[in-house]
Amino acid sequence: MKSPKKKPSPQNTDQAELPLGAGSASQPPKDKVEKTEDRPARTPASGADRSQVTTSTDEPTPKRQPGEKVQDEQAPLAQSYRNWFLDYASYVILDRAVPHLDDGLKPVQRRVLHTLWDMDDGRFHKVANVVGATMKLHPHGDASIGAALVSIGQRGWLIEPQGNYGNLLTGDDAAAPRYIEARLTNFAKDVLFNPKTTTWQLSYDGRNKEPITLPAKFPIVLLEGADGIAVGLATKILPHNFNDLCRAAINHLQGKTFRILPDFPTGGTADFSEYNDGERGGKVKVRAKIEERSKYLLAITELPFGVTTESLIESILAANAKGKIKVKHVDDNTADKVEILIHLPPGSEPDKVIQQLYVFTSCQVQLNPAACVIVRDPKTGDDKPHFLGVRDILKASAEATKALLKRELEIKLGELEQQWHWDSLERIFIEERIYRLIEKSKTWESVLTEIRGGLKPFLKQLSREVTEEDIVRLTEIRIKRISAYNRFQADEAMKRIEQGIKDTKANLKNITAYAVAWFEMLQDKYGKGIKRRTSYDEIEQIDAAAVVSANQRLYVNRKDGFIGLNWRQHEFVTECTVLDSVLCIMKDGSLKVAKVGDKIFMGREIIHVAIWPKDGDTNFYTMVYQDGETGKAFAKKFQIGGLSRDKLYPLVKSENSRVVFLEVSATEKEMPRALHISLDGRSGARIREFDFDLTRLPVSTRASKGLTVTKWSVKDVTATK
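Put into structure tokens, the structure is as follows:
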């Protein structure tokens with residue numbers, strides 16, 4: 003009876019997905035891959051430092067006796083949680099989110115590029131096929147593979163796209179993988195692949211082999227940029243200009259100082275004064291390029307990095323809806339180049355609108371770089387995340403490139419010397435007719451002995467000893483090869499090999515100059531016509547309050563205690579901006595400051611409403627209030643001082659108090675000098691009207707109690723100057 007087939011697990015591209023376990027023994031790589039060194043597949047927690055974490059032991063858990071209290075901290079579940087969380091965290095950091103310093107790639111990117119190289123025949127491949135082939139190496143779903151391939155293809159340096167790959171400018175998505183094609187660029191073939199210098203490991207299931215890192219001979223991570231969020235850390239490396247990187251690498255190899263600044267594919271103007279070499283804590287301000295084409299027409303032709311035309315237009319419309327800017331309408335004519343047309347209403351000031359766009363929309367953004375990469379410890383071989391500056395990354399890449407070039411030259415020298423040795427043996431074997439010595443040999447051993455004896459007089463002409471493998475190879479030379487042997491051609495071939503050996507040794511002796519020539523070759527081959535797209539300049543901070551337009555109308559409903567914008571049915575207060583705050587004083591002696599909005603409740607029976615000055619209120623207040631606890635009337639002169647928004651402040655000393663007089667003066671000299679007090683006719687006071695001298699009352703804080711005016715109920719108060 004056949005066992006039922008297991009249902010395939012659903013695909014999951016979320017970061018929380020864990021890798022599959024190890025499978026069967028590995029198969030050798032395809033013919034295109036030459037094995038140099040094998041490593042076992044890395045476990046999820048490979049390279050993590052667990053020295054500070056208690057690990058579970060193999061000892062059995064002691065049996066709990068009846069009535070014994072359970073110790074949760076010693077339970078296997080709690081212990082496993084601690085251990086496996088560390089495994090998960092290190093897995094996400096090392097195998098998902100953070101690029102490796104050696105080749106500047108995340109694992110999924112590396113697997114995509116390796117698969118494309120393995121499939122390469124010079125023609126385009128359907129992306130769906132590439133995704134399927136990559137899944138042999140990648141332990142996750144096809145969505146993450148396809149997204150990584152499209153992202154690399156959109157930049158165009160490593161993958162040549164064909165078909166609809168979406169648009170970085172507009173944010174449009176790429177077509178489905180079955181409709182688009184891809185192949186490696188010549189640049190990728192030049193700088194990323196060499197099986198002779200590649201170290202291999204088993205794939206997640208043990209069926210295939212994949213490179214631990216690609217032998218990259220260029221700072222790919224600085225060219226492409228990188229973003230990633232892992233457990234407890236994030237990386238953000240901004241992209242740089244190709245020619246800038248080549249020049250910086252050359253300067254480093256020559257011992258000169260250098261500085262590299264990001265260059266964004268969307269252009270714009272950036273302020274790198276606080277870039278901090280791309281390390282944590284740095285920041286970069288980036289602005290769109292805005293042109294004034296006429297008095298009532300603005301055009302955005304370059305975008306800040308990470309902003310699409312769709313998101314930018316949404317931010318403009320949102321700011322317009324909130325009254326922060328005023329635009330008539332917006333047109334998006336973006337295709338290969340950005341063109342967003344902003345039509346302004348009559349009476350607009352284009353210069354001021356441009357400032358408003360920078361302040362209130364995505365026309366200006368701030369980027370916070372944090373260059374984090376995986377670095378392999380040369381002593382232990384462990385991979386750990388490190389935060390580095392972009393100059394440190396470039397220096398490490400330039401030195402790694404020099405080391406790889408040296409390794410390639412050493413391999414080439416060994417191959418040339420081996421070829422020279424073999425060609426010399428072949429020439430001696432044929433020209434000295436040593437092959438005739440084996441005509442009468444009847445056994446294999448006698449054949450080898452005759453050839454060895456025939457070569458003995460010529461051993462001094464060789465560069466090394468003759469091995470039995472060399473002799474066996476001589477016996478495999480065909481008669482056709484011997485009969486067609488041309489001494490002149492053989493001598494010419496030997497001269498070319500000897501010249502190659504000489505040149506290779508010279509390059510090894512001057513490896514730094516050779517590495518410099520490598521970067522110069524790359525710049526000459528791939529850097530023509532590539533100019534910086536992002537200009538850099540100091541960007542001054544714009545005061546939002548200074549550029550916002552006072553195009554709103556503030557109204558108040560005093561009885562119900564509401565303020566709001568555009569309430570035409572209520573009392574008009576003043577014109578204001580959407581950034582203003584409003585000060586209200588209520589009949590009960592409470593004070594509140596709030597930001598203007600469509601409808602804000604301040605407190606019932608508003609007796610004073612005004613725009614709260616941006617630099618703080620400097621006005622002088624004169625107030626008379628009837629205390630709710632004692633019934634006495636108090637007078638006070640005060641200034642409000644500092645306040646927080648949306649918080650009630652009492653100007654009186656007890657509940658149920660009421661304000662009977664309030665006057666606001668711009669200066670202390672303008673404050674009233676006396677008050678004429680009229681008492682309630684129902685009070686028992688014999689004198690019902692009198693003047694109260696304010697000159698003896700000092701200006702105090704809003705929390706002061708004030709001086710007693712009368713113990714009777716006050717009916718009316720008027721001020722005299």
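According to the numbering used here, the sequence shown is numbered sequentially starting from 3.
Even glycine gets a Cβ: it sits at the ideal position worked out from N, Cα and C.
Small disclaimer: the values here were computed from a predicted structure and weren't measured.
Short check: CB of S551 to CB of K354, under 9 Å? yes
By Cβ distance below 6 Å, which residues in the same chain neighbour I302 in space, the five residues on each side in sequence not counted? A290, I292 and I342
Quick one: which unbroken alpha helix (DSSP H) runs of 4-plus residues sit fully inside the stretch 519 to 561? Chain order, please. 546 to 549
Give a yes or no on contact between the stretch 706 to 717 and the stretch 670 to 685, applying the rule of three or more CB pairs nearer than 8 Å. yes
Buried or exposed: L359, going by 16 or more other Cβ atoms within 10 Å of its Cβ? Counting of Cβ neighbours within 10 angstroms places L359 among the buried residues, the total reaching 16 or more.
Among L396, F266, K297 and G643, which one has its Cα closest to the Cα of V223? By alpha-carbon distance to V223, the top candidate from L396, F266, K297 and G643 is L396.
Can you tell me where the alpha helix (DSSP H) holding M588 begins and where it ends? Taken as a continuous stretch (DSSP letters only), M588 belongs to no alpha helix (DSSP H), being part of the beta strand (DSSP E) at S583 to M588.
Are P371 and R249 touching if we call contact CB-CB under 9 Å? no
In terms of DSSP beta bridges, what is R660 paired with? Q628
Mark E2 as exposed unless 16 or more other C-beta atoms lie within 10 angstroms of its C-beta, in which case mark it buried. With the chain covering only 3 through 723, there is no way to say anything about residue 2.
Skipping 5 residues on each side, what residues in its chain have a beta carbon closer than 7 Å to that of Q111? A150 and I154
Starting from the Cα of H345, find the closest Cα among S364, N322, V361 and D617 and give me that residue. N322
Need the endpoints of the alpha helix (DSSP H) that R393 sits in, please. V392 to E433
How many Å lie between L730 and L314 at the Cα? Summary: the structure shown does not reach residue 730, with the chain confined to residues 3 through 723, and so no result is reported for it.
Taking C-alpha atoms, which residue in A705, F663 and E670 lies nearest to V711? F663
State the start and end residues of the unbroken beta strand (DSSP E) segment that holds K211. K211 to P213
Span separating the alpha-carbon of K530 from that of L457: 55 Å
Exposed or buried, what is G643 when buried is set at 16 or more other beta-carbons lying within 10 Å of its beta-carbon? Counting Cβ neighbours within 10 Å, G643 comes out exposed, since fewer than 16 surround it.
DSSP on P30, reduced to helix/strand/coil? Only weak support exists for where P30 lies, its pLDDT of 38 falling under 50; the value from the coordinates is given anyway. Coil, per DSSP.
I484: buried (16+ other C-beta within 10 angstroms of its C-beta) or exposed? exposed
Rounded separation between A272 and K594 - CA only: Distance between the alpha carbons of A272 and K594: 41 Å.
Which listed residue (D695, I473 and W520) has its alpha carbon closest to that of A400: W520
CB-CB under 6 Å to G391, same chain, minus the five flanking residues each way: which ones, in chain order? If the five residues before and after G391 are omitted, its C-beta is found closer than 6 Å to the C-beta atoms of D279, G280 and E281, all from its own chain and listed in chain order.
Euclidean distance between Cα positions of D693 and V558: Straight-line measurement puts the Cα of V558 at about 33 Å from the Cα of D693.
From K616, F126 and D105, residue whose alpha carbon lies closest to that of F220: For F220, the closest of K616, F126 and D105 by C-alpha to C-alpha distance is D105.
Using alpha carbons as the reference points, say which of D384, I473, R261 and P347 lies closest to S296. It is P347.
With distances taken between CB atoms, is the gap from I376 to P652 smaller than 9 Å? no
Name, in chain order, the residues that DSSP records as bridge partners for A486. Its beta-bridge partners do not exist; DSSP assigns none.
Cβ atoms of K638 and G708: under 9 Å apart, would you say? yes
With distance defined between alpha-carbon atoms, name the residue in K671, D582, T632 and K589 nearest to F622. K671
On the CB-based measure, 16 or more other CB atoms within 10 Å of its CB, does G124 come out buried or exposed? Counting every other CB atom within 10 Å of its CB across the protein chains shown gives G124 a total below 16, marking it as exposed.
To the nearest angstrom, how far is the alpha carbon of F460 from that of Q420? For F460 and Q420, the distance between alpha carbons rounds to 17 Å.
Beta-carbon separation of S350 and Y277 under 9 Å? no
Using only the alpha-carbon positions, how far apart do L464 and L415 sit? 16 Å
Could you say which of T201, E162, A190 and V193 lies nearest to I182 if we only look at CA atoms? E162
Cα-Cα separation, N512 to K404: Roughly 11 Å separates the two Cα atoms.
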